[in-house]
Structures are given as C-alpha cells and as structure tokens.
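There are 2 protein chains.
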Amino acid sequence: MDSDSTTGRTFAASPRVAADPVPAPLFAALEPKDLVSRIADQVLQAISDGRLRPGEKVAEARLARELGTSRAPVREALRLLESQGLVIAQPRRGFFVHAHDATELAAAYDLRECLELHSAAAAVARVTPEAVAALRAQIALLHRMALEGRSQDHVVEDFAFHRMLLALGGNARILRVFDQLSAELRAGIALVGKMYQDPAEIAESHLPIIDALEARDVARLRAELSEHLRDAREVALRLYRDATAPDGL
Amino acid sequence: MDSDSTTGRTFAASPRVAADPVPAPLFAALEPKDLVSRIADQVLQAISDGRLRPGEKVAEARLARELGTSRAPVREALRLLESQGLVIAQPRRGFFVHAHDATELAAAYDLRECLELHSAAAAVARVTPEAVAALRAQIALLHRMALEGRSQDHVVEDFAFHRMLLALGGNARILRVFDQLSAELRAGIALVGKMYQDPAEIAESHLPIIDALEARDVARLRAELSEHLRDAREVALRLYRDATAPDGL
DNA sequence: TCACAATCAACTGTCGACAGTCGAAAGAAG
DNA sequence: CTTCTTTCGACTGTCGACAGTTGATTGTGA
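Line by line, the protein sequences are chains W and S. Heads up: the first sequence at position 145 corresponds to 1481 in the numbering used here, and the numbers run straight through without jumps. Heads up: the second sequence at position 248 corresponds to 1584 in the numbering used here, and the numbers run straight through without jumps.
Laid out in structure tokens, this is it:
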C-alpha cells in the first residue's frame, strides 16, 4: 500500500513528490507503535475491503475481543474514524459504518473537484521535471495494476496520483482534507469493487492532465481535471445506483 | 453563541438559511447529553478564549480531575479535537494545543478561499430573497457587535455569515470542512483578540458580497469574495506576526 | 558555581469492572 | 397464528487501578 496511514494522523508525506519546502528528512520518525492508530487502520481496512458493509454495526466490545485488547483504545480509534465520517456514533447504541447516499457521494466529488481545481494554479507554478516524471511513473503503475486485474489497488493508486498532484500545490491543509475525503470515497467505491470502468482506459485518461501540467497551462489543466473528475463522478454515481437499487427493491 | 457545537458532530445546521432541500425539521433532536461532546466543547472554548495557549500541554489527568470525570471520556474528547487539528497528541507525552505557524495560517486561508469561491456559483443558482434578507440581518448583527465592542462575538458572527453563504451552496460536505476550518481559525484569531481591524469597517465590507449575490452575478461575487478574503488573510497574518514576534525575541 | 547523576511526582497507555440500557428472543394472551 | 409483554444476553458509558514513562527536582562531585 502506497498511501499514508489515512487515519488522519499523517506522519510523513509521500516522498515521491518534493513539493513542500521541507528539508527532505533523511529518516522518517519511527511509527510509534500506537495501538489506537493500528486499530483504526484495521477497521479502515475492513471498511475499504467491504468486510464491514455500510450501515453495519461495529461493536466495540466484540472488536476488542477479536483484537485482544481492552475496549478503551478501540473506542478511541472509533472516535477517530467518526471524525472522518467513516463511522457514526449513535449514543447508547454504538458505532455504525456510515452509509452514504447519492447526495453525499455527489457532494464529496464536488468537494474533490473544488480542491483539485484550486490547487491546479499552484501546481503549475511549482511543477518540476522530477514531479512530472513521478506522475508519469504513477500512471505506469496504474497501467500495471490494470493489467494484473488488481482493481482494489488500482483505485488506491488512482487516488495516490491525484494526491501527488495536490501535493504539488503545496498546501498541506488541503492535502489533509483530501486524505479524509479519499478515505471516504474509497470506502464507498469498495462497495462496488469489481465492476469498475475499464482500468486501462482510466489510466490512459490521466495523461492529458500531466501534459497540461507539463505545459504549465493552468486553464487547460483545469479543463482536463474538470472533465476527468466529472467522468469519475459520473461512473461512481452510476455504480452506486446500480449497487444499491437491487437492494432497495 | 450562534454557531453550532463546532466539535465536528453537528446535530443541526443553522436554521436561518433554508439552503438544503431538507424538510425543515420542526424539532431539533435533543442534544444527547453526551459527556464527550461537552468536554470537547469546554476544551474548545478554553482554546478559543485563549485560556489554553498554543503549545500548552493539555493534561488529560488534570482535566479529568477538574471536570470531575474519569479520564476515559476526556481522552476521547481530546482525540476528537486532535482529528480537527486543534490539539496534537505526542505519544507518551500527552496532548498539546496546536501551535500554528504562519505557513499553516496561510494554508488555512487558502483552503477557505477555495471553498468559498467554489460555492459561489451554486449559491448564485440557489439564492432566494429570504436568504439575502438573512444575510443582511447577519450584517446588521455584525454592526451591533462592532458598536458594542464585543470583538470576540464579532469574529464568531463574521464566520457565521460566511457559513450562511456556504450553506447556500448546498454542499453539506463542504460545510463540514468549513466548520473544522473556522474552529481552527477562530482559535488562531483568539490569540490576538482585541487588536482587530475596525469592526464596523469589516461589517461594511461584506455588503458588496451580498449585492453581487443578489444580482446573481457569479463573476462579481467571486471577485468580491476573493478580495474580501485576501484582506482578511492579510490582516490575520499581520496580526499573527505582531502577536508572535515579540514573544520570539 | 556548574555539570551530571539519582530520585520522584505526575502523567500516559491500557486494562478489567460495574451499572444501566438496548434489542432480540421467548413466552403469554387473544 | 398473530400480537403484546416479559425476560435475558450483549453492549455501552463511565470509572478506578496498575505498570511503565517522562520531565523536573534534588543531590553529588569537581
């Protein structure tokens, strides 16, 4: 897995894009073997994998038993995920995996478009040949995932690509919002999983974005991103409806 | 206090702007007397008031003693605030009030501009005479705060105005990000507190925004917002530097 | 007086426990 | 056989406790 821990407590940014003016730390801080973070990651994984389905209850007592810990760290981990919108707490009833509706999904994509388009200007201003190379490498990776049929990883790396783009913008705060957002969206996408658009085609569709970035053409970059994201939203919404409609009837 | 609980667990949106297509609930859900939320609000208040200064340690044991509760709910509340970036947990060391630097402050304002400009288009499309009236009423409130010299409340209501504007956009997800963001910014602003720009002038400066909105002129609204926010950022950054420089030397 | 080591109080991470609550299963009444 | 009531298991909210750690204080030697 290439993205960060996605629990909102990001310890180190992706090292592939030297976007921030940080002096490139030689050593990443040892991940403090934080029980809470590990539990949060486990639950996140379970949601992303679809082992925990939307609306399903996440009983802290049961989770603690299975993980072999006490309930205290489990509760804290769930609160962490709650603030990210992945689970919601109903007082005296427990935690439940957040079940999104189409409206929320659309809103999330709208927010995503907002962030990415805004960052485009800064990205163009700060882009370097190395960054472009890294982005192209990421697309190559996407292709590989497509060929190997690893759709789950494909989604992950797709988001990683967009994250790199955002990182180029240099706004760490925006990056944090995107991380939260992508965790949610990935969880939503996990629902439909296999029946995804042709992955190779998706990989392809990122190339015009890189081209526009390399040409330092803000308007074109914005246009390409806008179209790309609109497509992604379209696909996601359609898949969402397909996945939920049969259950509803 | 007019804004919501700002702990990220928003139970009801501001009722003054009928932006969402929600059927206007007659009764707000009774606030579940959630110990965790109340503790989080207390700490948030303390940070906003400046009783807890940036960088200061927030000892959960001490907090629990003073609040008369056990440490468990205090820890959960602090985790909640951690995920909002208001405090940071250092493993085995405890929680500390997040001390922003100028870069982060600028990034936060950048994100804010991103959200508000993006929502402008939707706001224009969905604006109603009632919404405009509510916004004008809010500005009147701002004026009153200015006259009465209640600068703390002035800041709160200023954010409330912008929140109303965003609510008009109809994207609940964006609203959530803004709520987090404004909690952070308010905490930062609380630092400087009294020496704020002329409050009456600030209240005045919102009027062109409403005019552009009423005229349903997206471009003008964007321009006005952009200028307004750039000013706000300028002031905030200058105040920040003034407030921190003397301490540094 | 200053640098360094031993000491110690306070705090964090985690645990197990208890009371109250919720929802489902079991049982009674029609 | 259905519907309402009762019962019961499992779970949540909160608490106090214990072990290990941290930062500061005190004490020691030069």
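Beta carbons are placed, not taken as given, at the ideal position from N, Cα and C, and that holds for glycine. The structure presented is a predicted model; accordingly, all values stated were derived computationally and were not measured.
Chain-ordered neighbours of residue i on chain S, where CB pairs are closer than 7 Å
{"i": "A1408 of chain W", "result": "A1408"}
7 Å Cβ cutoff met for residue i and residue j
{"i": "A1421 of chain W", "j": "E1520 of chain W", "result": "What sits at residue 1421 of chain W in the sequence shown is Gly, not Ala. Cβ distance < 7 Å, so G1421 of chain W and E1520 of chain W count as in contact."}
{"i": "V1423 of chain S", "j": "L1417 of chain S", "result": "yes"}
{"i": "E1452 of chain S", "j": "L1557 of chain S", "result": "no"}
{"i": "A1482 of chain W", "j": "P1535 of chain W", "result": "yes"}
{"i": "Q1474 of chain S", "j": "F1497 of chain S", "result": "yes"}
{"i": "A1443 of chain W", "j": "A1508 of chain S", "result": "yes"}
{"i": "E1484 of chain S", "j": "R1415 of chain W", "result": "no"}
{"i": "P1427 of chain W", "j": "D1370 of chain S", "result": "yes"}
{"i": "F1397 of chain S", "j": "V1554 of chain S", "result": "Correcting the residue type first, residue 1397 of chain S is Ala in the shown sequence and not Phe. No. Outside cutoff."}
{"i": "L1504 of chain S", "j": "L1511 of chain S", "result": "no"}
{"i": "A1539 of chain W", "j": "H1479 of chain W", "result": "yes"}
{"i": "S1384 of chain S", "j": "A1523 of chain S", "result": "yes"}
{"i": "V1513 of chain W", "j": "V1394 of chain S", "result": "no"}
{"i": "V1491 of chain W", "j": "I1525 of chain W", "result": "yes"}
{"i": "S1419 of chain S", "j": "S1406 of chain W", "result": "no"}
{"i": "Y1576 of chain S", "j": "L1441 of chain S", "result": "yes"}
{"i": "Q1533 of chain W", "j": "V1571 of chain W", "result": "yes"}
Beta-carbon neighbours of residue i, restricted to chain S and to distances below 9 Å
{"i": "I1510 of chain W", "result": "A1443, D1446, L1447, C1450"}
{"i": "E1440 of chain W", "result": "A1508, R1509"}
Limits of the alpha helix (DSSP H) - the one that residue i falls within
{"i": "A1459 of chain W", "result": "1438–1462"}
{"i": "A1395 of chain W", "result": "Careful: A1395 of chain W lies outside any alpha helix (DSSP H) and carries neither H nor E."}
{"i": "A1476 of chain W", "result": "1465–1483"}
{"i": "A1411 of chain W", "result": "Looking at the sequence shown, residue 1411 of chain W is not Ala but Arg. Its alpha helix (DSSP H) spans residues 1407–1419."}
{"i": "Q1533 of chain S", "result": "It is not in any alpha helix (DSSP H) - Q1533 of chain S carries neither H nor E in the DSSP assignment."}
{"i": "H1498 of chain W", "result": "1487–1505"}
{"i": "L1543 of chain S", "result": "1543–1550"}
Neighbouring residues, chain W, relative to residue i (Cβ below 7 Å)
{"i": "E1493 of chain S", "result": "Neighbours of E1493 of chain S on chain W: none; closest Cβ ~24 Å, over 7 Å."}
Enclosing beta strand (DSSP E) for residue i [first to last residue]
{"i": "Q1378 of chain W", "result": "Where Q1378 of chain W is concerned, there is no enclosing beta strand (DSSP E), although the alpha helix (DSSP H) it sits in stretches over 1371–1385."}
{"i": "G1430 of chain S", "result": "1430–1433"}
{"i": "Q1426 of chain S", "result": "1423–1426"}
Proximal chain W residues relative to residue i, where beta-carbon distance stays under 8 Å
{"i": "V1513 of chain S", "result": "L1447, V1513"}
Any non-hydrogen atom of the ligand NAP within 6 Å of residue i CB
{"i": "I1546 of chain W", "result": "You won't find the ligand NAP in this model; it holds no ligand whatsoever."}
**Asked** Listed from N- to C-terminal order along the chain, which residues in the segment 1454–1470 of chain W have their beta-carbon within a distance smaller than 9 Å of any beta-carbon of chain S?
**Response** Cβ contacts with chain S: H1454, S1455, A1458.
**Interface positions of the segment 1396–1422 of chain W facing chain S (Cβ-Cβ less than 8 Å), listed along the chain** = A1408, R1411, E1412, R1415, L1416, E1418, S1419, Q1420, G1421
**Prompt:** Should the segment 1436–1455 of chain W be called in touch with the segment 1538–1553 of chain W, which here means at least 3 C-beta pairs below 8 Å?
**Reply:** Contact fails: fewer than three Cβ-Cβ distances are below 8 Å.
**Asked** Do the segment 1465–1478 of chain S and the segment 1460–1471 of chain W meet, that is, are 3 or more Cβ pairs less than 8 Å apart?
**Response** no
**Message:** Under 8 Å: do the segment 1380–1393 of chain W and the segment 1425–1444 of chain W share three or more Cβ pairs, one atom per stretch?
**Reply:** Yes: at least three Cβ pairs fall under 8 Å.
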